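Asks: Protein chains in written order, with the working numbering: chain A, 3 to 325; chain B, 402 to 721. Even glycine gets a Cβ: it sits at the ideal position worked out from N, Cα and C. Note that the structure is a prediction, hence the values are computed from the model and not measured. Sharing a structure with you now.
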Amino acid sequence: MTETPDRPPVLAIDALSLAAGSVALIDDVSLTIGPGEMVGLVGESGCGKSVTALSVLRLLPEPPIRITGGRILFQGTDLLTLSPKALADIRGNAIGMIFQEPMTSLNPVLTIGDQISEPLMIHDGMSRTAARSRAAELLDLVGIPAPVTALSRHPHQLSGGQRQRVMIAIAIACQPKLLIADEPTTALDVTVQAQVMALIDRLRREFGLACLLITHDLGVVAQYCDRAHVMYAGRIVETGPVMPLFATPQHRYTRALVDTIPARNPPGEPLPAIAGMVPPPGARGTGCAFAERCAAPLDRCQAERPTLTEADDRAVACWNPSA
Amino acid sequence: MTDDLAPLLSVKNLQKTYVDKRGQRLYAVQDVSFDLAPGEVLGIVGESGCGKTTLGRALMRLVEPTGGTVEFEGEDFLEKRGAALKRARRDMQMVFQDPFGALNPRHKVGAIVGEPLVVHGDPVGPDRVAALLHLVGLPADVADRFPHEFSGGQRQRIAIARALALKPKLIIADEPVSALDVSIQSQILNLIGDLKDRLGLAMLFISHDLSVIRHVSDRIAVMYFGRIVEIGPANRVFDDPGHPYTQALMAAIPAAPGTADTTGVDTETIVAGEVPDPAAPPKGCAFYARCPIREDRCQAAVPALVENTDGLAVACVHFS
Chain A
3 MTETPDRPPV LAIDALSLAA GSVALIDDVS LTIGPGEMVG LVGESGCGKS
53 VTALSVLRLL PEPPIRITGG RILFQGTDLL TLSPKALADI RGNAIGMIFQ
103 EPMTSLNPVL TIGDQISEPL MIHDGMSRTA ARSRAAELLD LVGIPAPVTA
153 LSRHPHQLSG GQRQRVMIAI AIACQPKLLI ADEPTTALDV TVQAQVMALI
203 DRLRREFGLA CLLITHDLGV VAQYCDRAHV MYAGRIVETG PVMPLFATPQ
253 HRYTRALVDT IPARNPPGEP LPAIAGMVPP PGARGTGCAF AERCAAPLDR
303 CQAERPTLTE ADDRAVACWN PSA
Chain B
402 MTDDLAPLLS VKNLQKTYVD KRGQRLYAVQ DVSFDLAPGE VLGIVGESGC
452 GKTTLGRALM RLVEPTGGTV EFEGEDFLEK RGAALKRARR DMQMVFQDPF
502 GALNPRHKVG AIVGEPLVVH GDPVGPDRVA ALLHLVGLPA DVADRFPHEF
552 SGGQRQRIAI ARALALKPKL IIADEPVSAL DVSIQSQILN LIGDLKDRLG
602 LAMLFISHDL SVIRHVSDRI AVMYFGRIVE IGPANRVFDD PGHPYTQALM
652 AAIPAAPGTA DTTGVDTETI VAGEVPDPAA PPKGCAFYAR CPIREDRCQA
702 AVPALVENTD GLAVACVHFS
């Protein structure tokens, strides 16, 4: 695909809605990621961020989950219209994915070398020997010491950080255009998290990889992403470049989330907590799903769902935005 | 800090060593010493496998320490047996990370919260249970419900109510908010802070999360590879850490979102490598292989904790 001067997005999710049976899981979710861009999708458990990510590769069990609306455009092609065979050609090839728990994502009985070679042999038609030597290069690229020796190791012989590096090597083996990272550092220690995030950051800068980073950690998003989308109860409630988004949040939920972080408060003082909890799917009401927990609700918030309204490079779905 | 008061808990040279079937020794906790004053919160921070959880369990004698001494209110806790041990344990209670695994799914909340009272032969009735539930911000009628009916944050409240049943003087909280979402985490941190103030509880607060530790602690102890490598007043450890490992930890935390703070992750100073293999402990300082300022002498012997004038103690040959 030839690039037009205005750099068309690598991924464009357009008004995507998913349901499990008759219960809506995510509603009207849109986001775009350009080449070399790192975009964050952030929210608490059950907000729909992982479901959104998994739907891009059609990795959700269908049924019970159904796509009830929208499109997922990858380099201009709607992934929702593709045959299973055409999708299989894209998975692990043009789109790579890494998950939170590298131990359960790697096959415990295969060597590291076999697991990195597999996509190279399937998608790029490499011979076993060529794939093995490419696998060693990839291990070197992701910072595994003594890569040739590491090829014959099994996952249990590696530490958590090294396993996540191997997952990244597999995900980028076929030089994908898009990397989807679902909580890639949540299971890792903070010093190792910094190493792994620095690696992902380097890869997207060097290879122009577009990245979708799914996480609950606002600090990681603020540090590494260009833009972020905040999800609450299955909808995107606010989006924008990370610096203004977290410095001057407009949605009352983003505002409350940022304010409640311990590092933003004086030690020992009570934190400005958010009362209540996230409503589960099926109990989100017809108005704003955050209205019950909101610090400044209006009458219309309970009755009428706010739409995502754009202004400059930001957008917010709130009837009574802060500042 | 309350220097003039006798410590509530005094730990000296605590060890926990495991030996496997082949005679291989694994040093989970080594030579850990600290005092905890009544009403004081000591934060224990460190990465996976540093021994912080084993330390908490060894202090409760959920695993038996293999060396050292633990004094609680001046009495030797490790010597106690039978009824004396049971009596001493009233004063120290534990709160765990996983509020799903810590509550018996077949028992109603009232039975869970009242169980310590039953075990210790104290009077237990609906009023006492209701008072405990009220203390943690839950209505009395939850006593008739089962744990699965509650969210993670509510379950952690139930676990805290149970820990408070015997009016303990010390709470050992092992990652009490790590399994919770940000908005729920702050509710539980506020509850813990409030209870500490109202009941004068001393706490050992174990966590891998530096910003949480900073928020709740009076003093902070940093553990690495089974040992305390730095201990001191919370603001001192946080603002001007003395050990290169603590400095590396601080450098790896992302900045608070939305602040123009330049102290976010400094990609130049990210330490390479990972924690050593516990089955093959290095000689000398365990941080040697990752340390940016290592010297040959660091490999000679494990550096001792040296305390400076402002109450900070650091186990590093470069610190003075």
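1) Taking contact to mean 3 or more Cβ pairs, one atom from each stretch, closer than 8 Å, check whether the stretch 95-109 of chain A and the stretch 20-38 of chain A are in contact.
2) Secondary structure at T418/B, three-state DSSP: helix, strand or coil?
3) Is it buried or exposed, S608/B, if we count other Cβ atoms within 10 angstroms and call 16 or more buried?
4) At which residues does the alpha helix (DSSP H) containing M123/A begin and terminate?
5) If you reduce the DSSP assignment to three classes, tell me which class M128/A lands in.
6) Let's test the definition: count the other Cβ atoms within 10 Å of the Cβ of Q425/B and tell me whether it reaches 16, buried, or not, exposed.
7) Step through the CB atoms of chain A and report whether any lies within less than 8 Å of the CB of G440/B.
8) Please tell me whether P466/B and Q431/B are closer than 8 Å, where the distance is taken between their beta carbons.
9) Could you name the residues of chain B that P272/A contacts, counting a contact when the two beta carbons are closer than 8 Å?
10) With distances taken between CB atoms, is the gap from M604/B to I572/B smaller than 8 Å?
11) Under 8 Å, do F617/B and L590/B count as touching if we go by C-beta distance?
12) Which word fits V318/A, buried or exposed, when buried means at least 16 other C-beta atoms lie within 10 angstroms of its C-beta?
13) Output, in chain order, the set of chain A residues within a Cβ distance shorter than 9 Å of T660/B.
14) Could you have a look at Q252/A and say whether DSSP puts it in helix, strand or coil?
15) Would a check of beta-carbon distances place P269/A closer than 8 Å to chain B?
16) Within a Cβ cutoff of 7 Å, which residues of the same chain sit near A407/B, ignoring the five residues on either side of it in sequence?
17) For the alpha helix (DSSP H) that contains P517/B, what are its first and last residues?
18) Between V31/A and T54/A, is the Cβ-Cβ spacing less than 8 Å?
19) Who are the near neighbours of H231/A in its chain, counting only those whose CB is closer than 6 Å to its CB and skipping five residues on each side?
20) Below 6 Å CB to CB, which residues in the same chain sit around M233/A once its five sequence neighbours on both sides are set aside?
21) Just the chain B side, please: which residues come within less than 7 Å of M279/A by C-beta, in chain order?
22) Are the stretch 249-267 of chain A and the stretch 204-214 of chain A touching, with three or more C-beta to C-beta distances below 8 Å?
23) Measure the C-alpha to C-alpha separation of I15/A and Q586/B and round it to an integer number of angstroms.
24) Measure the CB-CB distance between A574/B and V496/B and report whether it falls below 8 Å.
25) Are any of the Cβ atoms in chain A nearer than 8 Å to that of I445/B?
26) Counting pairs of beta carbons, one from the stretch 180-188 of chain A and one from the stretch 109-124 of chain A, are three or more of them closer than 8 Å?
27) List the residues of chain B whose Cβ lies closer than 9 Å to the Cβ of I276/A, in chain order.
28) Can you give the beta carbon distance from L153/A to R134/A, rounded, assuming they're within the 8 Å contact cut?
29) For K597/B, is the classification buried or exposed, using 16 other Cβ atoms within 10 angstroms of its Cβ as the cut-off for buried?
30) For chain B, is any of its Cβ atoms less than 8 Å away from the one on V53/A?
31) Assuming the contact rule is C-beta atoms closer than 8 Å, Q494/B and L567/B should be a hit. Round their C-beta distance to whole Å, please.
32) Between the C-alpha atoms of E480/B and E696/B, what's the straight-line distance to the nearest angstrom?
33) Thinking G712/B and A690/B are a contact (beta carbons under 8 Å), I'd like their distance in whole angstroms, please.
34) Have a look at the DSSP bridge pairing and note the partners of G444/B.
35) Output, in sequence order along the chain, the residues in the stretch 114-126 of chain A whose CB is closer than 7 Å to any CB in chain B.
36) Can you list, in chain order, the residues of its chain with a C-beta nearer than 7 Å to that of T663/B? Leave out the 5 residues immediately preceding and following it.
Replies: In this structure, then:
1) no
2) strand
3) buried
4) I114 to H125
5) coil
6) exposed
7) no
8) no
9) N591, G594 and D595
10) yes
11) A small fix is needed here, since residue 617/B is Val in this sequence, not Phe. Yes, the Cβ-Cβ distance between V617/B and L590/B is below 8 Å.
12) buried
13) A224, F248, A249, A265 and R266
14) coil
15) yes
16) G475
17) V510 to V520
18) yes
19) L33, L43, I238 and T241
20) G45, C49, G50 and K51
21) S552, G554 and I585
22) no
23) 31 Å
24) yes
25) no
26) no
27) V583, S584, I585, S587 and Q588
28) 7 Å
29) buried
30) no
31) 7 Å
32) 42 Å
33) About 30 Å separates the two Cβ atoms, so there is no contact after all.
34) F606/B and I621/B
35) none
36) Its pLDDT being 49, under 50, T663/B is placed unreliably in this model, and the value from its coordinates should be taken loosely. Taken in chain order, the list of residues that qualify is empty.
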